[in-house]
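See below for the structure under consideration.
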Amino acid sequence: MGILGRAASEMQMKKLTCIGMELQFEWEQVAAFVRQPDGSLFSWRERFTCFRYLIYGIVNKTNSEISLKFDDKEFYWKQNESLLRRLEDEGVVKLVFPLHEEIKRKQLLRNWALNWHDFTWQPIDEVYSYFGTKIATYFAFLGMYTRWLFFPAVSGLATQLIDFGSFQWLVLPAFFIFVISWAVFFLQFWKRKNSALLARWGINYSFAEYKASANELEPIRHYLSIEREEEKNFDDAPAEKRRLQRNEWSGVLLRIRNNAIIVLGIICLQLPFELAYAHLYEKTETEALRYVLTALYLVAIQYYTRIGGKVSVILIKYENNQGEQSSADSLIYKVFGLYFMQSYIGLFYHASLYRDILTLRKVLIQRLVVSQVLENLIENSIPYLKYSYKKYSAVHKKRERESPSGKSVRLSTRVEKEYLKPSYTASIGEELEDGLFDGNNDK
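In UniProt numbering, the protein residues as written are 1 to 443.
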């Protein structure tokens, strides 16, 4: 723990203190910093950051190059060069990633994923200690949302199955009002629950917002200091005010321009695609072919969404955003609008095209069924099949190299098994923090 503490101090890591402020970590003042719910000083992600800093910090401090050999391959470790960087460049080290802590992983698997006695309960504090704040908040939101869906589900079934007689004409308007009210109440109760969770974990976002606003003012302060040094007078305050206003408005106009590019790009790119899909759907006679056509349509939408996400990241680089938080907010707005438009623009088009509730209902059912099947394939089945194929290939190569007689060969270490598992990307842009998860990718 002392090694990690000194590494965190050298990295100037920010941690929450007992007085509710984030300050630079100091090993000598360790008692002043808030611990995790399980009693540990550092979270799982903070420990990984410290370990990564330590292993990449192994450098050649000698006065000469050091000759290294691996599999009949010789290369030189230069002065003041990271050993791990050199090994990665030479192909000796393929990937650096953290291993799961088996005890905690199995405990979470038993108490969380395989808990069938109370499948709506989640060990949020344990998830927070292991995965971090944002992933724990995401699953807390998902659990609350799933439980609250019981109310609109029951009311929707009642609307469809119960005959209200002469009051039937009031059923749909009442259902719409109920769903809107449900959404408002859910949002307000989620805000309360989110604040309670953050308070329980000792996270003070008010200071974080203050720190972000202070960081946003740094470029302005620097700009003003340069102007003062050049002109050495304070008679041009109106001119400075006009410059700051131009700078602010230019940032707003850049964001408006980029948002317009996203919207027009979706319309120009997807509208011909929607026209072709609607025409083929209308000409197709069998239901099976319509399901296949819908599947191809939704797969294409997935690729369009990925392209739009990459374009959003590129556009944000040309915006005048002040700080990472402002860039993250801009990215979230763009991606949310992108996902919404690409997912539902087809439904609006079909509604205006057919103007028949029965045909539109059939289209909605087909899209819902096919989208659920595709999401399960993309998120679960395809990664598992890729892992199985990589594992089979690795075992086959290992058998040919080590056991040509045909004896049983298995992957011997956890590192080999986890290396073959597919990595996930939590951010849309690897170089840009989108505010969704704690890390970019992991095993």
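The C-beta atom is built at its ideal place from N, Cα and C for all residues, glycine as well.
Since this is a predicted model, take the numbers as computed values, not measurements.
By the C-beta density criterion, Y277 is buried, having at least 16 other C-beta atoms within 10 angstroms. Exclusion of the five residues before and after P152 leaves V179, W182 as the residues of its chain whose Cβ lies within less than 7 Å of its Cβ.
Per the C-alpha coordinates, the member of Q270, W169, A288 positioned closest to A300 is Q270. Proximity to L54 across S129, Y304, A7 peaks at A7, based on C-alpha coordinates. Contact between the stretch 390-398 and the stretch 307-320 is absent: fewer than 3 CB-CB pairs across the two stretches fall below 8 Å. Pairwise C-beta distances place the stretch 299-314 in contact with the stretch 335-349, as three or more of them are shorter than 8 Å.
Beyond the five residues adjoining it in sequence on each side, L347 comes within less than 6 Å, by CB distance, of no other residue in the same chain. Under the criterion of beta carbons closer than 8 Å, T146 and T120 qualify as touching, at roughly 7 Å. Contact between the stretch 2-18 and the stretch 28-39 is present: three or more C-beta pairs spanning the two stretches fall below 8 Å. Between the C-alpha atoms of L264 and G309 there is a straight-line separation of about 15 Å.
Distance from the CA of V59 to the CA of N80, rounded to the nearest whole angstrom, comes to 5 Å.
Out of R399, P383, Q188, the CA that lies nearest to the CA of L420 is found in P383. Non-local beta-carbon contacts of L84 in its own chain, meaning distances under 6 Å to residues more than five positions away in sequence, involve I55, Y56 in chain order. Here the alpha carbons of E65 and Y297 stand approximately 57 Å from one another. One Cα belongs to R105, the other to I378, and the distance between them is close to 24 Å. The beta carbon of L4 is closer than 7 Å to those of F42, R47, C50 in its chain, skipping five residues each way along the sequence.
If only complete runs of 3 or more residues are kept, the stretch 65-145 shows the beta strand (DSSP E) at 66-70, 73-77, in order along the chain. Y389 and V93 have their C-alpha atoms some 22 Å from each other. Of the residues N63, G39, E287, the one whose Cα lies closest to the Cα of Y130 is G39. In the three-state scheme derived from DSSP, where H, G and I count as helix and E and B as strand, L16 is classed as strand.
Taking a C-beta distance under 8 Å as the contact criterion, Q122 and F97 do not qualify as a contact pair.
Under a 10 Å Cβ-count criterion, S250 is classified as exposed, with fewer than 16 other Cβ atoms of the shown protein chains found around its own Cβ. N258 counts as buried, since no fewer than 16 other beta carbons sit within 10 angstroms of its beta carbon. Between I262 and K193, the C-beta gap is not smaller than 8 Å, which leaves the two residues out of contact. Shown here, V34 sits in coil according to DSSP, grouped into three states, outside any helix or strand. Of the residues W44, S330, L374, E90, the one whose Cα lies closest to the Cα of V127 is W44. With a beta-carbon spacing of about 5 Å, V370 and A295 fall inside the 8 Å limit used to define contacts.
S312 and K61 have their C-alpha atoms some 43 Å from each other. Of the residues I19, M21, E28, G20, the one whose Cα lies closest to the Cα of E10 is E28. Where E22 is concerned, the enclosing beta strand (DSSP E) starts and stops at 22-24. The criterion of a C-beta distance shorter than 8 Å is not satisfied by L87 and E418. The Cβ neighbour count for Q366, taken over all protein chains shown within 10 Å, is at least 16; the residue is labelled buried. For W112, the closest C-alpha among the options E101, I103, I124, E102 is that of I124. Annotation for G156: the continuous alpha helix (DSSP H) segment containing it runs 150-161. Per the coordinates, the alpha-carbon of V292 lies some 49 Å from the alpha-carbon of A199.
Just so you know, the alpha carbons of S67 and K78 end up roughly 9 Å apart.
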